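K.L.:
First, the structure itself, so that you have it in front of you.
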Amino acid sequence: MNSFLLTMTMLLHSACSQQSAADINLVQQGSSSYSIVIPASPTKAEDRAAVILQQYVQQISGAKLPVIRENSYKDQPAVFIGSTAHSSGPEKIAGEGFHIGTAGRQVFIRGGSGKGVVYGVYYLLETYMGCRKDAGVPAVVPASKQVRIPGGLAVTQSPAFVYRETYYPPSLDPEYLEWHGLHRFEDLWGLWGHSFFKLVPPKTYFATHPEYFSLVNGKRQPMQLCLSNEKVYELAAAYFKKAIADNPDAMYWSVAPEDGGGACTCDDCKKADAAEGGPQGSLIRFVNKIAAQFPEQQFTTLAYGYTAKAPLKTKPARNVFIMLSTIDAYRQEPLAAAASAAGFRKNLEDWEAVTQNLFIWDYTTQFTNYLAPFPDYDNLQSNLQYFAKHHVKGVFSQGSGETYSDMAEYNSFVQAQLLWNPNADMTKVNSSFLNGYYGKAGPWIGKYMQALSAAVKSTHAVLDIYGNPVFNAKDYLSPARIDEYSALLDKAEAAAEGDTAFLQRVYRARLPLEYTVLQQSRVYGTGRYGYLQPDGSVSAKWPARIKKFVIASKAAGVTELAEGGLSPDAYQQEWDELLARKWVNSLAFGAKVTLVNPYTPEYSPMKEQTLTDGLTGGKDFSYNWLFTYGKDMIATIDMGSSKRIRQISLNFLLDPRHYIFLPERITVEVSADGSNYTVAGTQPVAPPQEDDALQIRHFNFAVSGENARYIRVSAVCPATLPDWRATPGKKAALCCDEVTVE
């Protein structure tokens, strides 16, 4: 028996021994005279609630309470579940709320809509019978031959939001969802998220009917739909007619643009958008038209990207819900105060003025590095309180989905509590999770989390959902601070010693620190915290360290390290390739670099020295690439003295998804004095094609044995994005990793 179960068992027995006269003896000495009574015609939720209570009482005490219909009830002691004739409590229960009450010998559990009665049963089990449901494991059930419920009980609760989802691995467990009052979009939506191309697929229609799709830069392109085209409406309506018939129980249907830009600029769409203040105008008019065709259904659409703002004239229909995104905000401060969230706050207020049906699509992980420590823990409550204050009805809190991420269990648990009650006592919520999930190690895990949060504040760090542990290597994820965090987790491990389950959970909590060390070592290279020795050879302990991390990640449930990113096995392969890469002793290693145009600091942590640090980049632009946005990369390298040169080589990254393209032309020049340059070579680069995959392109320039001290590399940035990637406000970027001189 683990320590938590033992503690709860002792508490249960203690409570039993101190019962008042009004307490209800549900089970005595392993036997019960009680029945569970449900309505004569129960709902699915009432049936399920009765079975759940029956099973758990039997697990606790050994007593199996019979479940009977109310028309068979004979005045025996009973637990009445659902809307029976004997029910007591408030006449109406809001939303998916519940009421638990006692009167005399009887117990009553009722629910509002949906699964409210099921939530009531789980509340009874946890609050009064000592059961507990944690992530990824069966429920903890204390053993006792006595089960008592306090007399005079009258508890009524209703959730603050009608839609509550925290998108982390624990949500894969249906019982976890019900126990904690959560939803899954798969269970509620017949069609979810970015849906335009499900309604009108480009593969089916673009070749023969390009007019169904958006006009961008004067050309029809399969980027979005043309919402003013009547045939597009007819196809969408036909889709929903069939889909609704096939799935009549779905609560919501999404009508929303694809991810990215490309809003239609044809005359009719442009006219609607001009009247409404932007592309949200043609979108809302289109969604309203669909909603009018199916008045008994509820439709959602996304206020995200180019549709984030509220329309000036048209209000969403009564059966249309707006899901507003918080994607542009940094996470180190509450959304109510963060400067980066000013646009979101304005949009929220504007939408609030035109509709009562508001959902929020929020973000609580780092999508580019799921395992990076992301301590937004202190802001979770204030953000949900802010949403509730502005009459938001539902929240999709997007975490890492089905793959494990930093503090996934904590995020899931705490968000569940706050989605039900944003004003919950956080001291109690944190204590419940930390002590219940980590046992004696809980206080040390709490100190670790507090240390991370405090460091974010004291170093004025930025928490970016598209950030990187390398970007924060000089603030809250500095090597010195990582050592401090690790020491706290050492104490957590010591406290959990002897309990395998708790110890494994502490190991999972440590994974983000280990991931950070591995990732940062790639840019430290031959430095103190790098994976290489000063002579360029691989540190002897590094291969084993990587392998251990990969094994631990898979055991923790990591399936991908970033959104659409590498699996642990692919991560191992990436490291294997990096470790096998021959160290090139470049003549320009460590040489001074001067740039004409600035690099982008958040993506170039080693600054201009990225070009001469001896480290080549991989397919992630975050590591060992000099990122230049919207301008030519013109770099002059001073090797300190004249050297005989025979070849200069460099790499550029092509990553259209992130607007990173190859230069149009590359010119390499050499000079003895830094004033007079000779062209060593010029290479034009073919324009990218729409089907180009993420790749690294290598370029060589032969320099026939010239002596030179200075090298100048000029890479011409594309002036415009290709039509198939054109997005308003976006420019092309260049990424160069290393200028190798031999």
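Heads up, the sequence shown is in my numbering, so the first residue is 394 and it goes up one at a time. All C-beta atoms, glycine included, are put in the ideal place defined by N, C-alpha and C. As the structure is a prediction and not an experimental result, all values here were calculated from the model.
1) Using DSSP's beta-bridge definition, name the partner residues of W744.
2) What residue range does the beta strand (DSSP E) around K1036 cover?
3) Within a Cβ cutoff of 8 Å, which residues of the same chain sit near A889, ignoring the five residues on either side of it in sequence?
4) Ignore the nearest five residues each way along the sequence and tell me which others in N1044's own chain have a CB closer than 8 Å to its CB.
5) Taking C-beta to C-beta, are G490 and S551 nearer than 8 Å?
6) Are the beta-carbon atoms belonging to R613 and E627 less than 8 Å from one another?
7) To the nearest angstrom, report how far apart K485 and T952 are at their CA atoms.
8) Ignore the nearest five residues each way along the sequence and tell me which others in P1124's own chain have a CB closer than 6 Å to its CB.
9) Could you tell me how far apart the beta carbons of A456 and S424 are, in whole angstroms, since I believe they sit closer than 8 Å?
10) Does DSSP classify G839 as helix, strand or coil?
11) With T719 as the anchor, note down where its beta strand (DSSP E) starts and where it stops.
12) Quick check: the Cα distance between I935 and Y924, rounded to an integer number of angstroms?
13) Which residues share a DSSP beta bridge with S428?
14) Find out if the Cβ-Cβ distance for the pair E1062, V1078 is shorter than 8 Å.
15) Going by the C-beta, is Y1052 closer than 7 Å to any heavy atom of the ligand ATP?
16) Considering only C-alpha positions, which residue in the set F767, F1020, A854, A1073 is nearest to R1039?
17) Quick test of the definition: if touching needs 3 or more C-beta pairs under 8 Å, does the stretch 769 to 788 touch the stretch 748 to 757?
18) Please confirm whether L608 and C524 have their CB atoms less than 8 Å apart.
19) Thinking C-beta only, is A684 closer than 8 Å to V713?
20) Go ahead and label I383 buried or exposed: buried means 16 or more other beta carbons lie within 10 angstroms of its beta carbon, across all protein chains shown.
21) Once DSSP output is grouped into helix, strand and coil, what is the label at F864?
22) Taking only runs that begin and end inside the stretch 623 to 657, name each unbroken beta strand (DSSP E) of 3 or more residues, in chain order.
23) Alpha carbon to alpha carbon, how far is E907 from P531?
24) Just how far apart, CA to CA, sit Q451 and N861?
25) Give every residue of the same chain whose Cβ lies closer than 7 Å to the Cβ of N610, excluding the five residues on either side of it in the sequence, and list them in chain order.
26) Enumerated in chain order, which unbroken segments of the alpha helix (DSSP H) with a length of 4 residues or greater are wholly contained in the stretch 655 to 692?
27) Please classify N1136 as buried or exposed, where buried requires at least 16 other C-beta atoms within 10 Å of its C-beta.
28) Identify, in the order they occur along the chain, each residue of the same chain with its Cβ nearer than 6 Å to the Cβ of F1094, setting aside the five sequence neighbours on each side.
29) In three-state DSSP terms, what is M819?
30) Assuming A1065 and R1037 make a contact with CB atoms under 8 Å, what is their CB distance in whole Å?
31) Tell me A1095's beta-bridge partners as DSSP assigns them.
32) Assign A973 to buried or exposed, taking buried as 16 or more other Cβ atoms, counted over all protein chains shown, within 10 Å of its Cβ.
33) Taking D1084 as part of the alpha helix (DSSP H), name the residues at either end of that continuous run.
34) Assuming R541 contacts D416 under a Cβ cut-off of 8 Å, what Cβ separation, rounded to an integer in Å, is found between them?
35) Here's the rule: buried if 16 or more other CB atoms are within 10 angstroms of the residue's CB, otherwise exposed. What is E742?
36) What distance in whole Å lies between the Cβ atoms of I753 and V788, which are believed to be in contact at a cut-off of 8 Å?
P.N.:
On the basis of the supplied data:
1) The partner list for W744 (beta bridge, DSSP) is empty, contrary to what the question assumes.
2) 1026 to 1047
3) Y831, G832, K833, A834, F895, L896, R898, V899
4) T1009, G1010, I1089, R1090, H1091, F1092, C1129, D1130, E1131
5) yes
6) no
7) 45 Å
8) Correcting the residue identity first, residue 1124 is Lys in this sequence and not Pro. G1023, listed in sequence order.
9) 6 Å
10) helix
11) T719 -> no beta strand (DSSP E), and no H or E assigned at all.
12) The residue you asked about is not Ile; residue 935 is Trp in the sequence shown. About 6 Å.
13) A471
14) no
15) Because no ligand of any kind appears in the structure shown, any question about the ligand ATP cannot be addressed here.
16) A1073
17) yes
18) no
19) yes
20) The chain is shown from 394 up to 1135; residue 383 falls before or after that span and cannot be answered.
21) coil
22) 645 to 647
23) 28 Å
24) 49 Å
25) D1116, A1119
26) 660 to 669, 673 to 686
27) Since the displayed the chain opens at 394 and closes at 1135, residue 1136 lies outside it and no answer follows.
28) I1041, V1061, A1073, G1074
29) helix
30) Contact doesn't hold; Cβ gap of about 12 Å is too wide.
31) Q1040
32) exposed
33) Per DSSP, D1084 belongs to no alpha helix (DSSP H) and is neither H nor E.
34) 5 Å
35) exposed
36) 5 Å
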